[in-house]
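Residue numbers (this note's numbering): 7 to 134.
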């Protein structure tokens with residue numbers, strides 16, 4: 007991972023396609039494809055955006071604002087401070103989710119039922 011996160015702002019435009027958005031990083035505009043985002047992490051009023059190539063970019067807006075920009079069909083909030091791109095989920099182990107890069111994220115108690123109901127489980131016993 008990058009040693010220092012890049013401070014960014016989100017720049018929205020009506021002309022930008024919904025599968026990409028633009029981050030303002032150190033006076034440069036950086037194009038980010040939604041499919042390259044593995045997960046988000048809230049950090050007070052900022053949000054770290056983790057990119058597939060292990061890069062981390064920090065935007066100066068809360069995570070809930072970033073989630074409004076991203077497609078709801080691709081991202082799921084699993085904790086008060088974490089949201090994941092479901093394409094990168096490899097395993098659900100107890101109350102943890104493992105991503106393709108080996109990152110493990112805890113599923114918050116209040117999010118557990120919603121997270122588990124978002125997937126189809128084959129070969130598992132039904133819970134009462």
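Positions of the beta carbon are idealized from the N, C-alpha and C atoms, including for glycine.
As the structure is a computational prediction, the values presented were derived from the model and not from experiment.
Counting every other CB atom within 10 Å of its CB across the protein chains shown gives residue 86 a total below 16, marking it as exposed. According to the DSSP secondary-structure assignment, residue 49 is paired through a beta bridge with 52. Taking all protein chains in view, the Cβ of residue 25 is surrounded by fewer than 16 other Cβ atoms within 10 Å, so the residue is classified as exposed. With fewer than 16 other CB atoms across the displayed protein chains lying within 10 angstroms of its CB, residue 127 is exposed.
Distance between residue 45 and residue 38, taken at the CA atoms: about 13 Å.
For residue 62, the enclosing beta strand (DSSP E) covers residues 62 to 65. Beyond the five residues adjoining it in sequence on each side, residue 89 comes within less than 7 Å, by CB distance, of 45, 46, 69, 73, 81, 82, 83 in the same chain, given in chain order.
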